[in-house]
Amino acid sequence: MKRFLMMTLASLVALVLVVPQAMAARTRYVTIGTGGVTGVYYPTGGAIAKMVNKKRKQYHLRATVESTGGSVFNVNAIMAGDLEFGVVQSDRQYQAYHGTADWEGKPQKKLRAVFSIHPESVTIVAAADKNIKTVYDLKGKIVNIGNPGSGQRGNAIDLLQAAGIDYKKDLKAEGLKAAESASMLQDGRIDAFFYTVGHPNGSVKEAVAGARKVNFVEVPKAIVDKLVAKFPYYAPSFIPVDQYPGVMNKKNVETFGVKATFCTSADVPDDIVYAITKEVFENFDEFKKLHPAYAVLTKESMLQGLSAPVHPGALKYYKEVGLMK
Ligand code: GLU
Numbered sequence: 097m098k099r100f101l102m103m104t105l106a107s108l109v110a111l112v113l114v115v116p117q118a119m120a121a122r123t124r125y126v127t128i129g130t131g132g133v134t135g136v137y138y139p140t141g142g143a144i145a146k147m148v149n150k151k152r153k154q155y156h157l158r159a160t161v162e163s164t165g166g167s168v169f170n171v172n173a174i175m176a177g178d179l180e181f182g183v184v185q186s187d188r189q190y191q192a193y194h195g196t197a198d199w200e201g202k203p204q205k206k207l208r209a210v211f212s213i214h215p216e217s218v219t220i221v222a223a224a225d226k227n228i229k230t231v232y233d234l235k236g237k238i239v240n241i242g243n244p245g246s247g248q249r250g251n252a253i254d255l256l257q258a259a260g261i262d263y264k265k266d267l268k269a270e271g272l273k274a275a276e277s278a279s280m281l282q283d284g285r286i287d288a289f290f291y292t293v294g295h296p297n298g299s300v301k302e303a304v305a306g307a308r309k310v311n312f313v314e315v316p317k318a319i320v321d322k323l324v325a326k327f328p329y330y331a332p333s334f335i336p337v338d339q340y341p342g343v344m345n346k347k348n349v350e351t352f353g354v355k356a357t358f359c360t361s362a363d364v365p366d367d368i369v370y371a372i373t374k375e376v377f378e379n380f381d382e383f384k385k386l387h388p389a390y391a392v393l394t395k396e397s398m399l400q401g402l403s404a405p406v407h408p409g410a411l412k413y414y415k416e417v418g419l420m421k
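When we follow the numbering used here, the leftmost residue of the sequence shown carries the number 97, and every step to the right adds one.
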């Protein structure tokens with residue numbers, strides 16, 4: 097009897113010691129790549145992580161968020177296995193999967209789409225004292241077109257090219273990260289900057305709030321039409337000026353845009369992608385409240401603008417609720 101008791105006690109001790117360790121070991125960590133902290137990707141990663149982390153006991157999953165150089169960096173880090181997820185411009189998703197632009201001849205066939213999020217507009221913020229009203233006025237100016245890992249750099253180059261401006265010769269192009277743009281503009285070190293981003297966002301607010309007055313630069317309709325005709329991923333868009341009190345423009349500013357999308361790799365397990373998709377969609381109303389840029393979202397709109405194949409984990413959820421066949 098004594099021996100039996102001892103053995104039971106020993107097994108109990110083993111259970112108490114071993115089980116929590118085993119359970120803890122089962123927690124899987126995933127990292128979401130975003131963008132600069134004053135953009136919309138960073139809080140978007142945070143919003144998605146918040147949804148899934150609420151259920152970490154159920155899914156044994158913990159999502160963390162990383163500030164990165166943006167879309168191009170995120171695609172490459174997902175493909176290298178350094179990140180499990182990333183927020184990526186829809187044009188960048190298309191280019192990476194099809195092997196164009198930054199991925200010319202190197203299609204990223206393992207890239208997978210999960211859902212799309214808020215619309216992003218190609219936004220050009222300029223110092224009012226430089227009198228840059230339209231894209232053509234950028235000639236001869238010091239312009240931050242974006243760091244190489246960013247999404248906006250490609251949009252800036254496409255736009256300048258469509259306007260007949262050679263970014264290597266006709267202006268002084270800088271390659272700074274978006275988070276530095278506002279202070280550089282306020283310090284007089286650049287005349288304008290490009291940012292492909294959802295509205296409102298912290299970076300543009302920071303630029304507008306400074307002592308140096310700023311305005312948004314208009315993209316002429318003829319150029320928007322040209323870009324939309326040439327590239328399948330561009331659409332006409334505008335910058336809502338009422339979201340930036342103090343900006344010099346009085347009317348919404350015409351431009352073009354893309355969508356922010358949530359991407360992953362075919363190598364990320366189905367149940368992880370399923371869990372994240374499910375938590376975002378099942379808590380859609382709560383999710384929508386997490387950023388004003390999500391005001392226009394509907395569940396259906398979150399399935400548009402995906403050009404890489406939808407990850408099977410996400411597809412399982414969409415089929416379950418009838419959002420996809
Ligand atoms: N669209 C930008 C990029 O791809 C990031 C915008 C943001 O952080 O909200 O680099």
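Think of the CB as a built atom: it goes at the ideal place given N, C-alpha and C, for glycine as much as any other residue. What you are looking at is a predicted structure, and each value in this text was computed from that prediction instead of being measured.
- Taking 8 Å as the cut-off, the beta carbon of E162 is found no closer than this to the beta carbon of T360.
- Under the three-state reduction of DSSP output, E375 falls in the helix class.
- Spatial neighbours of Q400 in its own chain (CB-CB distance under 7 Å, excluding positions within 5 residues in sequence) are listed in chain order as S212.
- The C-beta distance from V184 to N170 rounds to 5 Å, short enough to fall under 8 Å.
- It is roughly 19 Å from the alpha-carbon of G131 to the alpha-carbon of F383.
- At least one heavy atom of ligand 1 lies less than 7 Å from the C-beta of V293.
- For T357, the CB stays at least 7 Å from every heavy atom of ligand 1.
- Cβ-Cβ distances below 7 Å link Q204 to V171, M175, A192, Y193 in the same chain, with the five nearest sequence neighbours on each side left out; the list follows chain order.
- Contact annotation: F334 and S217 have beta-carbon atoms nearer than 8 Å.
- Between Y329 and F352, the C-beta gap is not smaller than 8 Å, which leaves the two residues out of contact.
- The C-beta separation of V136 from V293 comes to about 6 Å, placing the pair in contact by the 8 Å criterion.
- DSSP places R122 in the helix class (H, G or I) of the three-state scheme.
- In this structure, ligand 1 has a non-hydrogen atom nearer than 7 Å to the beta-carbon of E216.
- K326 is the residue among Y413, P408, K326 whose C-alpha sits nearest the C-alpha of D187.
- Selection G165, Y190, A173, H214 evaluated against A143 yields H214 as nearest (Cα-Cα).
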